[in-house]
Structures are given as structure tokens and as C-alpha cells.
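*Asks:* This is the structure I want to talk about, given as C-alpha cells.
Number of protein chains: 2
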Amino acid sequence: MRIGELSRATGVPVPTIKYYLREGLLPQGELTSPNQASYGEPHVRRLRLIRALVEIAQVPVAQVKEILESLDSDAVPLHEQIGRAHRALTPRRKPTASDEAREAAAAQVTGVISSRGWSVEPEAPALTTLIETVAALRTLGQDNLVTFLDAYAEAVERFTELEIEAVSTNPTRDQLAESVVIGTILGETLISSLRLLAQESISANRWKKL
Amino acid sequence: MRIGELSRATGVPVPTIKYYLREGLLPQGELTSPNQASYGEPHVRRLRLIRALVEIAQVPVAQVKEILESLDSDAVPLHEQIGRAHRALTPRRKPTASDEAREAAAAQVTGVISSRGWSVEPEAPALTTLIETVAALRTLGQDNLVTFLDAYAEAVERFTELEIEAVSTNPTRDQLAESVVIGTILGETLISSLRLLAQESISANRWKKL
DNA sequence: CGTGATGGATAGTAGCAGTATCCATAAACG
DNA sequence: CGTTTATGGATACTGCTACTATCCATCACG
Chain Z
1 MRIGELSRAT GVPVPTIKYY LREGLLPQGE LTSPNQASYG EPHVRRLRLI RALVEIAQVP
61 VAQVKEILES LDSDAVPLHE QIGRAHRALT PRRKPTASDE AREAAAAQVT GVISSRGWSV
121 EPEAPALTTL IETVAALRTL GQDNLVTFLD AYAEAVERFT ELEIEAVSTN PTRDQLAESV
181 VIGTILGETL ISSLRLLAQE SISANRWKKL
Chain Y
1 MRIGELSRAT GVPVPTIKYY LREGLLPQGE LTSPNQASYG EPHVRRLRLI RALVEIAQVP
61 VAQVKEILES LDSDAVPLHE QIGRAHRALT PRRKPTASDE AREAAAAQVT GVISSRGWSV
121 EPEAPALTTL IETVAALRTL GQDNLVTFLD AYAEAVERFT ELEIEAVSTN PTRDQLAESV
181 VIGTILGETL ISSLRLLAQE SISANRWKKL
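Here it is in C-alpha cells:
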């Protein structure tokens, strides 16, 4: 398969494929002559994965690269794979909230975490995001939303278990790793859109005349 | 309050405030002389809201503008406010999946929606995202994740009800509208980070040695 | 052999979210 | 009152990201 066919098979423009090759997202094809390479089925699958992460989940290209690298080296423990997927989903945040607000939010968040019995390392990127978010909601006068944090956590735990269940059906470690990463990232988009749909239909009934 | 104090009160640099003023995100201050304006408490709150949407929820500035405009005009029905918030959360997507894949995904998705008894208009931005995502998961060989779609929908519905509940405690229509918009958008970040934390702790126990 | 694709390198682009600079005026301080 | 500092408003510039476009010296194919 040459680059043009790869392009036709996936719908990705040739220059874009070249760009991914340059950036190391897509492994080089096998050179049959100094300036002629051939690509195979793995390239097609890899390219589809890249596009799904970039287009559907809006993951930055640089992060996609990191994720793919860790998927390729089976030396990386599963736990670290998940960590990278998480980092891909949680952009670096410079603290927005005031110190007191963050202090208070952190207290509530750690309270919820321990009451749910979760074990979370204090470095987890999602932790700072959650704290910042709670602090922001408070600052914006949306305390009523925050009071339900515990209930949210419970509901969220429920479908997270479902996901882990679904992903665990994979036989090999490599497939498991890939599933975990894809599930973590595309699952985010999946749940987010389900939420919006649920919201639309519940709110439609509730506030028809407002 | 002059612009410097506004900046100190919110931690937002003066040039950035000027930028938001230019872009119409932040209403002009009251001019006390041809080149001197004064800002008030509403500006502080508005600025905090802008920053929360931009920094925490990563909403593009242009969308924030749209949302704020619809919040300001009480002529916009609540339902349309929600629509705008949803559009802020679902970037324009050009179709990625093949026609057959999308067809199949659409069938499953509408199945889930009707089995849950949701009423969703076919134009809903989240609907196309969901369909694309399901199609992508299938194409990537992650059917096991997709088979749980119904169960996900149920779990998601549960906490969406919680959110609607929380938001409904607002007395006035204006406050309700603001809460709905903030809740929709920051709630996304909130749930997303809760999910990642749950994932981390559940998966840590499950795959310790992989 | 001529036409068109290819690999590889380098340069250019569009959009986004600010930053930086200027300037004429106003405010605050000594 | 004079000097330093801040302000409103306009315009220009920057850094980053994700591509696109162009070139050119080969290949491949009919």
C-alpha cells in the first residue's frame, strides 16, 4: 500500500499523513527503494486511532504521540498508560481560584474521596481540576450544585465500574491496554454527549414555558 | 473601580481585560470622562465567570461571548440558553466515520434514546457527536464498550436528574438560567474529573501487577 | 519515454488567545 | 504646580497548534 491508497482507505489527506509521519505519530512505512515506501494494515488502524483521538476527543497531537508511544512499548505498566490517558484529558491548569477558596474546595473533595473509599494519589491531574472546579462553582455562587458532590461521585462510580467491566473482557494485555486508553478517552466524549442528551430531554419537560 | 483595581480583584491582567472588552465579553465601564471609565461589582462577577468558562471548561472565547449574550437578554427562552451551552461543549465535527458505520451507530443510538424514553431533537449537536463516537469505537474494534451503551445511558440519566434537581432550587428565572448554563458547562468538567478519579482508584486495585 | 505519484525537506497558513506598544489625557502624589 | 503613574482606545505583534503548500529528485506505470 502506498501513501495515496492509505489516504483513500482512511479519508485522511496525504499531506496530513506526511505530517503525522514527521511528528512520529505514525510509524514510517517500509522502504522498498530510497524514495518509495509501503504501508500495511497496522498503519490503517493506527491512523484511524489517531483521527479518533484528534477529531472526536480533541486530544492535542503532542499528547496523542505520547499515548501511542506508551501503547507501543509494553514495558510501560498499565497504570502508567492510564496516567497518560488522563493527562491527555486534563490540560495543564494554572490555579485560578484564591487560596482560601481552593483550601475549602480541597477539603470537601478529599472528604468525598475518602467517604467513597477511593484511593487517589495527590498528584493526580484530575484532582487539581476537580478542586479548581469546585472552588470556581462556589465563587460563582453555585453552591447548590456543589452540595450534591457526594451523590455525583456515587453515580459516576457506578458507570465507571461498567466501563472497567466492559474493558476487562479483553483477553491479552496489549488489547487490554489499548481498550483502557481508548475507553478512557473516547468514553469521555461518549458520556459527555449522553449527558447532554439526557439534559435536553429532562429539561425540555421541566421548563417548557420558560 | 478602575481597570487596575478590577485586575487586582480578579487576578486577570489588564491587557486581557482590555481584550475581553474589545471582544464584547465584558460590558464597557461607565465613562466618567472621555478617557476614564469605572467598573463595578457586576464586572467583577462577569469576569470571574468568563475566566471559569475559558480556563476551567476550555470554552472558546467566541462561544463564551454567545453564551453571555443570551444570558443578558431575557428574551431568549431557557431552552435556547441550554442549546447554546450545549453548542459550546460540542465543537463542530466533520463526519469521520464511513456511511455504513454511521448508519449502524445511528440505529443503535436512536434505539437507546427511545428505550430510555428521551425526547431529543434530531438537530441536537450532542447527537451527532454520540453517533460519531459510537461509530469510531466500533471501527476501532471496541464493541465491548459499546454494548453497554444502554447501561451508561441509565447511569448518566441518574446524575443528570441530580443536576437538574440542584439547579432547580434557584428562585428567579434569571438565576435559574445562569445556574443552568454554569452547571451544564462546569458540570462537564466536574463529572469528567470525578470519572477519572474513580477510574484511577478502581483500576489501581484491579490491575496492580500489569 | 512521458506522465503522474512518492518521499523528504522546508516554508507558509489560519485561527485562537492573548501581549505589547503608542499616545493623548487624567489622576495621584509631593 | 509639576512630575510620575495609570487609563482608554487603537493598532500591531507574538506564540502556539494543526495543518497545507511547494519543491525536487526519484520511482512506477502504461
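Chain order of the listed sequences is Z and Y.
For the first sequence, position 112 matches number 112 in UniProt numbering, and the numbering has no gaps at all.
For the second sequence, position 98 matches number 98 in UniProt numbering, and the numbering has no gaps at all.
Cβ coordinates follow ideal geometry from the N, Cα and C atoms, glycine included.
How many angstroms separate the CA atom of Z:GLY111 from the CA atom of Z:LEU127?
*Replies:* By one-based count along the first sequence, residue 111 of chain Z stands at place 111. By one-based count along the first sequence, residue 127 of chain Z stands at place 127. Rounded to whole angstroms, Z:GLY111 to Z:LEU127 spans 12 angstroms at the Cα level.
*Asks:* Look up Y:LEU26 in the DSSP assignment and say whether it is helix, strand or coil.
*Replies:* Walking along the second sequence from the start, residue 26 of chain Y turns up at place 26. The answer is coil: DSSP assigns Y:LEU26 none of H, G, I, E or B.
*Asks:* Would you report the Cα separation of Y:TYR19 and Y:LEU49, rounded to the nearest angstrom?
*Replies:* To locate residue 19 of chain Y, count along the second sequence from 1; it is residue 19. To locate residue 49 of chain Y, count along the second sequence from 1; it is residue 49. Computed Cα separation, rounded: 15 angstroms.
*Asks:* Quick check on the burial criterion: 16 or more other C-beta atoms within 10 angstroms. Buried or exposed for Y:VAL181?
*Replies:* Working through the second sequence from its first residue, we reach residue 181 of chain Y at position 181. Y:VAL181 is buried by the Cβ-count criterion.
*Asks:* Residues in the UniProt domain "HTH merR-type" (1-70) of chain Y with C-beta within 7 angstroms of chain Z's C-beta atoms, listed in sequence order?
*Replies:* For the UniProt domain "HTH merR-type" (1-70) of chain Y, which is checked against every Cβ of chain Z, the residues closer than 7 angstroms are ARG48, LEU49, ARG51, ALA52, GLU55, ILE56 and GLN58.
*Asks:* By alpha-carbon positions, which one of Z:ARG8, Z:LEU194, Z:SER7 and Z:LYS208 ends up nearest to Y:SER114?
*Replies:* Walking along the second sequence from the start, residue 114 of chain Y turns up at place 114. Comparing Cα-Cα distances from Y:SER114 to each of Z:ARG8, Z:LEU194, Z:SER7 and Z:LYS208, the minimum goes to Z:LEU194.
*Asks:* Select from Z:PHE159, Z:LEU176, Z:GLU178 and Z:SER201 the residue whose C-alpha is nearest the C-alpha of Y:LEU196.
*Replies:* Stepping through the second sequence from its first residue, residue 196 of chain Y is reached at position 196. Of the candidates Z:PHE159, Z:LEU176, Z:GLU178 and Z:SER201, the one whose C-alpha sits nearest the C-alpha of Y:LEU196 is Z:PHE159.
*Asks:* Cutting at 6 angstroms between CB atoms, please list the residues of its own chain near Z:TYR39, excluding the five before and the five after it.
*Replies:* The residue you call residue 39 of chain Z lines up with position 39 of the first sequence. Excluding sequence neighbours, Z:TYR39 sits near MET1, LEU6 and GLY29.
*Asks:* Run through the UniProt domain "HTH merR-type" (1-70) of chain Y for me and flag every whole alpha helix (DSSP H) of 4 or more residues, listed as ranges in chain order.
*Replies:* Listed in chain order, they are 3-10, 14-23 and 41-51.
*Asks:* Take Y:LEU145 and list the residues in its own chain whose beta-carbon comes closer than 8 angstroms to its own, dropping the five residues that flank it on each side.
*Replies:* Taking the first residue of the second sequence as position 1, residue 145 of chain Y is located at position 145. LEU137, listed in sequence order.
*Asks:* Report yes if the C-beta distance between Z:GLU188 and Z:ALA57 is below 9 angstroms; otherwise report no.
*Replies:* Counting from 1 along the first sequence, the entry for residue 188 of chain Z is found at position 188. Counting from 1 along the first sequence, the entry for residue 57 of chain Z is found at position 57. Yes; because the gap between Cβ atoms is below 9 angstroms, this pair is in contact.
*Asks:* What's the gap between the Cα of Y:GLY141 and the Cα of Z:GLY83?
*Replies:* Residue numbering aside, residue 141 of chain Y sits at position 141 when the second sequence is read from its first letter. Residue numbering aside, residue 83 of chain Z sits at position 83 when the first sequence is read from its first letter. Answer to the nearest angstrom: the Cα atoms are 22 angstroms apart.
*Asks:* Could you pull out every residue in the same chain whose Cβ sits closer than 6 angstroms to the Cβ of Y:GLY32, ignoring the five residues on either side in sequence?
*Replies:* For the purposes of this step, residue 32 of chain Y is identified with residue 32 of the second sequence, where counting begins at 1. Note on identity: in this sequence residue 32 of chain Y is Thr, with Gly being the wrong assignment. Only SER38 meet the Cβ criterion.
*Asks:* Can you name, in chain order, every residue of its own chain whose Cβ lies under 7 angstroms from the Cβ of Y:LYS65, other than the five neighbours on each side?
*Replies:* Translated into the one-based positions of the second sequence, residue 65 of chain Y becomes position 65. Excluding sequence neighbours, Y:LYS65 sits near GLU23, GLY24 and LEU25.
*Asks:* Tell me which residues share the same chain as Z:VAL120 and place their Cβ nearer than 7 angstroms to its Cβ, disregarding the 5 neighbours each side in the sequence.
*Replies:* Taking the first residue of the first sequence as position 1, residue 120 of chain Z is located at position 120. The residues are ILE113 and LEU127.
*Asks:* Checking contacts by CB at 9 angstroms: is Y:GLN108 closer than that to chain Z?
*Replies:* Stepping through the second sequence from its first residue, residue 108 of chain Y is reached at position 108. For Y:GLN108, the answer is no, since every Cβ of chain Z falls outside 9 angstroms of its Cβ.
*Asks:* Quick one, are the C-beta atoms of Z:SER201 and Y:LEU78 less than 9 angstroms apart?
*Replies:* Counting from 1 along the first sequence, the entry for residue 201 of chain Z is found at position 201. Counting from 1 along the second sequence, the entry for residue 78 of chain Y is found at position 78. Contact: no.
*Asks:* So does Y:SER33 have its beta carbon nearer than 8 angstroms to some heavy atom of the ligand MN?
*Replies:* Summarising the ligand content, the structure contains no ligands, and the ligand MN is consequently not present.
*Asks:* Does DSSP put Y:GLU188 in a helix, a strand or coil?
*Replies:* As a position in the second sequence, residue 188 of chain Y is number 188, starting the count at 1. Here Y:GLU188 sits in helix by DSSP.
*Asks:* Residues of chain Y with a CB under 8 angstroms from the CB of Z:ALA101: which are they?
*Replies:* Sequence index remark: in the first sequence, residue 101 of chain Z carries index 101 (1-based). Those do not exist, as Z:ALA101 stays about 11 angstroms from chain Y at its closest Cβ, beyond 8 angstroms.
*Asks:* Closer than 7 angstroms by beta-carbon distance: list the chain Y residues that pair up with residue 229 of chain Z, in chain order.
*Replies:* The requested residue 229 of chain Z is not part of the displayed model; chain Z covers only 1 to 210.
*Asks:* Name the residue from Z:ALA106, Z:SER98, Z:ALA124 and Z:ALA101 whose alpha carbon lies nearest to the alpha carbon of Z:PRO91.
*Replies:* Here residue 91 of chain Z refers to the residue found at position 91 when the first sequence is read from its first residue. Here the closest residue by C-alpha is Z:ALA124.
*Asks:* Going along chain Y in order, which residues have a C-beta closer than 9 angstroms to the C-beta of Z:PRO77?
*Replies:* Here the question's residue 77 of chain Z lines up with position 77 in the first sequence. Going along chain Y in sequence order, the residues near Z:PRO77 (Cβ under 9 angstroms) are TRP207, LYS209 and LEU210.
*Asks:* How many whole angstroms separate the CB atoms of Z:ILE185 and Z:ALA88, which I take to be in contact at a CB cut-off of 8 angstroms?
*Replies:* For the purposes of this step, residue 185 of chain Z is taken as the residue at position 185 of the first sequence. For the purposes of this step, residue 88 of chain Z is taken as the residue at position 88 of the first sequence. Going by Cβ atoms, the distance from Z:ILE185 to Z:ALA88 rounds to 6 angstroms, so yes, they are a contact pair.
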